[in-house]
């Protein structure tokens, strides 16, 4: 289902960009982020393992798309480094809870 939504997003964005000359990159990034984050929420609710890489890419896409829509440009490298740090902290907290 997520792949279907992704291809619909790409197709609609491509069409809007070609016929109406609307820059769609922020919308595609935001939509892809929502799809990837939603996919991971669905995976965990079904008892499947969380895809950390997919969640990471989803958060990056969501952050960059959302920031671009409000007129702000996030610095790519710094944002990725902060997210890596947050993932490391989340992993440490998770392992500390499991060891108790």
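In the working numbering, the protein residues as written are 10 to 109.
Ideal placement from N, C-alpha and C gives every residue a C-beta, glycine not left out.
This one's a predicted model, so the numbers in the text were calculated from it and none came from an experiment.
Your pair residue 41 and residue 70 checks out as a contact, with CB atoms roughly 5 Å apart and the cut at 8 Å. By the neighbour-count criterion, in which 16 or more other beta carbons inside 10 Å mark a residue as buried, residue 99 falls on the exposed side.
DSSP places residue 26 inside the alpha helix (DSSP H), whose first and last residues are 11-29. A residue is called buried once 16 or more other Cβ atoms fall within 10 Å of its Cβ, and residue 67 is buried on that count. Rounded to the nearest whole angstrom, the C-alpha separation of residue 60 and residue 49 is 6 Å. Closest option to residue 62, judged by alpha-carbon separation, among 22, 102, 89: 89. In this structure, DSSP gives residue 56 a state outside helix and strand, which the three-state scheme calls coil.
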